[in-house]
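*Asks:*
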Amino acid sequence: MCLPMSLMSQSPALSSDSENILLEYFKKEKTIVQRLKIKSRETFKIKYGKHIQMKKEHVVFTKSLKPHHKLSMDVTTNNILYKFTETLKNIWKQKRDYSQNYFHEILKIIENELKSEPCEGDYTFTKDYIIDLSLYLFQRASKDFRKMHEAFKSANDPVNYLE
Numbered sequence: 001m002c003l004p005m006s007l008m009s010q011s012p013a014l015s016s017d018s019e020n021i022l023l024e025y026f027k028k029e030k031t032i033v034q035r036l037k038i039k040s041r042e043t044f045k046i047k048y049g050k051h052i053q054m055k056k057e058h059v060v061f062t063k064s065l066k067p068h069h070k071l072s073m074d075v076t077t078n079n080i081l082y083k084f085t086e087t088l089k090n091i092w093k094q095k096r097d098y099s100q101n102y103f104h105e106i107l108k109i110i111e112n113e114l115k116s117e118p119c120e121g122d123y124t125f126t127k128d129y130i131i132d133l134s135l136y137l138f139q140r141a142s143k144d145f146r147k148m149h150e151a152f153k154s155a156n157d158p159v160n161y162l163e
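According to our numbering, the stretch in the sequence shown is residues 1 to 163, in order.
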């Protein structure tokens with residue numbers, strides 16, 4: 001596929017795309033703008049006090065976090081990370097250029113996995129969990145999307161065809 005030179009020289013606005021998508025997705029969250037400014041998310045780790053809300057047993061008593069709850073939460077997070085990695089691999093295999101839709105796919109992975117999470121009604125993942133995980137995955141994906149764009153651009157550069 002040969003692209004016009006005007007398109008070949010343009011780099012995708014990955015940072016602004018990811019920020020705009022997150023701002024729109026989490027528009028009801030008051031702290032999202034400040035959280036987007038924090039750039040360093042090398043790893044993601046569940047912070048049980050921040051990322052999990054235990055349900056109340058009765059009106060007064062809150063259920064306590066048990067080891068099997070932590071295991072279930074870890075499994076859910078690992079499933080999200082696995083599906084994220086598989087999605088990136090599949091996108092790479094397609095050898096297409098970057099698309100904003102890829103960020104939306106990441107949000108959909110998180111949504112779907114949290115809907116299917118077997119928490120037995122004992123706890124819920126908080127918005128903080130969803131935001132922190134989304135920020136982490138978007139940052140990781142952005143690096144891949146940039147490489148993907150460069151590979152696509154190089155493979156479809158008319159100069160390479162002429163050589």
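We treat Cβ as the ideally placed atom computed from N, Cα and C, and that holds for glycine.
1. What residue range is occupied by the uninterrupted beta strand (DSSP E) comprising Phe-125?
2. Return the chain-ordered ranges of every alpha helix (DSSP H) run that is complete within the segment 69-155 and spans a minimum of 4 residues.
3. Per DSSP, which residues does Gln-53 bridge with? Please list them.
4. Is the number of C-beta pairs between the segment 133-141 and the segment 89-109 that are closer than 8 angstroms three or more?
5. Note down, in chain order, each residue of its chain lying with its Cβ closer than 8 angstroms to the Cβ of Tyr-25, except the 5 sequence neighbours on either side.
6. Could you give the distance in angstroms between the alpha-carbon of Leu-36 and the alpha-carbon of Asn-112?
7. Taking the continuous alpha helix (DSSP H) assigned at Ile-32, which residues delimit it?
8. If Phe-125 and Leu-137 are in contact, beta carbons under 8 angstroms, what's the gap, nearest whole angstrom?
9. Any idea what DSSP makes of Pro-12, helix, strand or coil?
10. Let me check understanding here. Comparing Cα to Cα, which of Met-148, Val-75, Leu-14 lies closest to Asn-90?
11. Buried or exposed: where does Thr-31 fall if 16 or more other Cβ atoms within 10 Å of its Cβ makes it buried?
12. By DSSP, does Glu-237 sit in helix, in strand, or in coil?
13. Does the distance from the C-beta atom of Asp-167 to that of Met-54 stay below 8 angstroms?
*Replies:* The answer reads as follows:
1. Along the sequence shown, one-based indexing puts residue 125 at 125. Per DSSP, Phe-125 belongs to the beta strand (DSSP E) from 123-125.
2. 101-115, 127-155
3. By 1-based counting over the sequence shown, the position of residue 53 is 53. DSSP output for Gln-53 lists Thr-124 as bridge partner(s).
4. yes
5. Mapped onto the sequence shown, residue 25 falls at position 25. Cβ-Cβ distances below 8 angstroms link Tyr-25 to Leu-107, Ser-134 in the same chain, with the five nearest sequence neighbours on each side left out; the list follows chain order.
6. Taking the first residue of the sequence shown as 1, we reach residue 36 at position 36. Taking the first residue of the sequence shown as 1, we reach residue 112 at position 112. So the two alpha carbons sit approximately 23 angstroms from each other.
7. Position 32 of the sequence shown, counting from 1, holds the residue named residue 32. Looking at the DSSP string, the run of the alpha helix (DSSP H) that includes Ile-32 is 32-37.
8. Working through the sequence shown from its first residue, we reach residue 125 at position 125. Working through the sequence shown from its first residue, we reach residue 137 at position 137. That pair is no contact at about 14 angstroms.
9. Along the sequence shown, one-based indexing puts residue 12 at 12. DSSP, reduced to helix, strand and coil, places Pro-12 outside both helices and strands of the structure shown, so it counts as coil.
10. Taking the first residue of the sequence shown as 1, we reach residue 90 at position 90. Nearest of Met-148, Val-75, Leu-14 to Asn-90, Cα basis: Met-148.
11. Residue 31 sits at position 31 when you count from the first residue of the sequence shown. By the neighbour-count rule (16 or more Cβ atoms within 10 Å), Thr-31 is not buried but exposed.
12. Outside the shown range of the chain (1 to 163) lies residue 237, about which nothing can therefore be said.
13. Residue 167 falls outside the range modelled here, since the chain spans only 1 to 163, and no answer is possible.
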